Amino acid sequence: MDSEHLEDGLTDEDRQSLCVMLTLEEVREAVFSIDLDSVAGPDGFGAVFFHTCWEIISEDVFGAVTEFFRGVKMPKGFTATTISLIPKTASPTCWSEYRPISLCNVTNKICMKLMTIRLGHVLPKVISLSQSGFVPGRLLSDNVLLAQELVHSLESRRPDANVVFKLDMAKAYDQGWAMTNLSHGGRLALIRSVLQATPLLQVIHPPKSVLITIKRNFNGFFWGSYNGLCPGLFHEVVVVRGKSSLWSEYLHGRYCRNLHPTIVPYNRNHSSVWHHLCRIRDVAEPFIFWTLGEGSVSFWYDNWFGEKSLAQLLHRDTYTMKSVRYYWHEGDWNVPRILRIILMPFAQTICQIPIAAGQGDKIVWTGSSTRDFSTKSTWEAIRQASPWRQLLTDVCHRSLRPTISVFLWRLFQDRIPVDARIRQKGFSFPSKCQCCERNAAKYRGVPFSTDGIILEVQRHLRTLYAARTLTSTQWKGDLHQSAAMGFIFRQQVPRAPSIVRWHAPSLSWFKFNTDSSSLGNPGLAGAAGIIRNSAGYVHLAYQFALGTGTSVLAELTAVWRGMELALTHGLAPLVVEVDATSVISLLKSRASGKWEVQHLIMRIICLQQLLVADVQHVFREANVAADHLAKEAASLQLTRVLHHDDITGVLRGILCLDRQGVPHLRRG
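For the sequence shown, full-length UniProt numbering assigns the number 668 to the last residue and increments by one with no breaks.
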């Protein structure tokens, strides 16, 4: 076969991206992505060594990796591995009860990670859509659902023949559970294991009777009432709407054709999966939002506008199937064309919606704190929640073992078989006291001894101390008594205050300090920033009233507004200092922020490249000037730009102290 005539799906840009030489930053990211706890290979150098000594060995590692990618053969020592056998059971007796694992050298892992990162961008284009394993974003459930659709289509009469082959493959990972002597926490772990090992429940909609049977078998009290909605199917709604798999494209071609999925009617000839998707689409659609890139989504039926789609907001009789791209002109909104079909207030709002040129439309699941779908967030959004109780939250805390959590739950539900509880069931017990032995003194003539009670209490306290459940806070004011009993607690030494000061930027650089203030979360918010040169003098400052918003939105808006002003006035290169660690994390992750602030993150990253900006964290004590401006902007709802001559009063004094390097004390 002549491979030159085969289409591989790659463009010239894809091929060139594979051949671009590595940079030191790429190698560093690969090194620091390796888990510190990973076991070292035959050379004995683990990931901890590479992380700790990176400043010393970086050039050598970069040179070795670069030579490999230039075609130099990797030495055998790099690819050497140590084969280890991990027992699957406590007392293995045969080879099948061991799991082999290959321990590679970190140098080999670095090269493999870099190859994985490079190939990860092009593999989805060359691997068939039916291949779901080892390709990011593809799920086994997609193939299961596609198989269901194909089997359903066998019932339809066709001129050509259809046939299905059923293949079974059995793999034994965990053959069984030690059912005997399981605590309640162990039973809970067993139930979770069985449910997690049943992926079909995520993609099929079993009858209610089946779920009731499962509920009874799992002792019922771990589960709430069945309300007819399966959170797993909500993910399939997202997949179908995003056309991100072979299965979703098949459903679009078979059922939707030229119609939007939200208006396709259901009939009895459709498959059961499509029936369930149609049944829950009215519940799922409010959680679906689109960020615009190429503009291929529906102008009327897709929700890219805000809380609802335009079709739901305007309530017209008929709508066209035009895409959003139809109402663009040269990468921006075509205002005259929009005004022909929509009134001015809606048109003004539409023209303010950002367009991520050069990117695809992205689907966002608004039911999650991040923009990605998760079963947990969906369940929290659709379930009928009982009143919140702090007690249950504490009982089910993640720091507690499941056995303890179940015991506490039984205790508060009065389900512990203590004597008093058993007496309520009609059983008789002799009265007794484990501590004071009152019965022995009353019926056996044994003299009553208070010393015995004291010794019993002390023994109980020593047991608690040995179990490390006693702390110094419980003995506050009586530490001398704890010392007399031999209880020694580690004294918490107060941390010494540190000195923090504002530092001027390097010569020819500018420093941009930014902050925000929110009177509540959400509440009235304001953003502010100040840009100074290497001598510490102000070039400009700004205040911006944000109305009602969250603290994260205010922080990101403060950074974005200031960087836009810096670009307008040519103040670059720029050092950006922010005292909110959440903003630093969002900008480093680049795409994992909440969907409400995603467009701000994209704009800041773009401005960061244009301004050659370095975003850094700064303590609040060294960010006093920006903090003062932000609080004033939030309380007075001010929006203005200030220059050097406009600054007076308290702010002028703060800037003078910063310029002179006067330190601040940071406690804790």
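We put the beta carbon where it would ideally sit given N, CA and C, even for glycine. Treat the numbers as computed from the prediction; the structure is a model and nothing was measured.
Taking a C-beta distance under 9 Å as the contact criterion, Ile117 and Ala30 qualify as a contact pair. In the three-state DSSP reduction, Trp502 falls in the coil class, being neither helix nor strand. With contact defined as three or more Cβ pairs closer than 8 Å, the stretch 523-539 and the stretch 615-629 are in contact. Judged by beta-carbon spacing, Leu314 lies beyond the 9 Å limit of Trp304, meaning their Cβ atoms are not closer than that value.
With fewer than 16 other CB atoms across the displayed protein chains lying within 10 angstroms of its CB, Asn162 is exposed.
Annotated as distal: Leu642 and Ala504, with beta-carbon spacing of 9 Å or more. Look at Arg532 here: in three-state DSSP terms it is strand.
Non-local beta-carbon contacts of Ala496 in its own chain, meaning distances under 6 Å to residues more than five positions away in sequence, are absent. When the five nearest sequence neighbours on each side are left out, the beta carbons in the same chain lying within less than 6 Å of the beta carbon of Leu470 are those of Leu464, in order along the chain. Measuring C-alpha to C-alpha distances from Val578 to each of Ala558, Gly570, Ser589 identifies Ala558 as the nearest. Following the DSSP letters along the chain, one finds Pro345 inside the alpha helix (DSSP H) bounded by residues 344-351.
With respect to the 9 Å criterion, Phe78 and Cys111 are classified as neighbours on the basis of their beta carbons.
DSSP, reduced to helix, strand and coil, places Ala484 within a helical segment of the structure shown. A residue is called buried when at least 16 other Cβ atoms come within 10 angstroms of its Cβ; Met563 meets this threshold and is buried. Counting along the chain, Val641 sits inside the beta strand (DSSP E) bounded by residues 640-642. Taken through DSSP and simplified to helix, strand or coil, Val65 comes out as helix. Sequence-distant Cβ neighbours of Ser405 in its own chain, meaning closer than 6 Å and more than five residues away, are Val395, Cys396.
Judged by DSSP secondary structure, Lys511 falls within the beta strand (DSSP E) whose first and last residues are 510-520.
Leaving aside the five residues that flank Tyr319 on each side, the residues in its chain whose CB is nearer than 6 Å to its CB run, in chain order, Trp300, Ala311. Going by C-alpha positions, Asp37 is about 15 Å away from Ile101.
Here Ile454 is not bridged, per DSSP, to any residue.
Inclusion of Thr66 and Met21 in the CB contact set at 9 Å is warranted, their separation being smaller than that value. In terms of CA proximity to Leu119, Cys19 leads the group Ile57, Met485, Lys76, Cys19. Note on Phe427: under 16 other CB atoms within 10 angstroms of its CB, so exposed under the neighbour-count rule. In terms of CA proximity to Leu251, Leu146 leads the group Ser309, Leu146, Gly295. Of the candidates Asn623, Ile34, Trp502, Trp560, Trp560 places its Cα closest to the Cα of Leu611. In the same chain as Phe62, and ignoring 5 residues on each side of it, the C-beta atoms closer than 8 Å to its own belong to Leu22, Leu24, Val27, in chain order. Here Thr366 really is in contact with Phe287; their C-beta atoms are around 5 Å apart, less than 8 Å.
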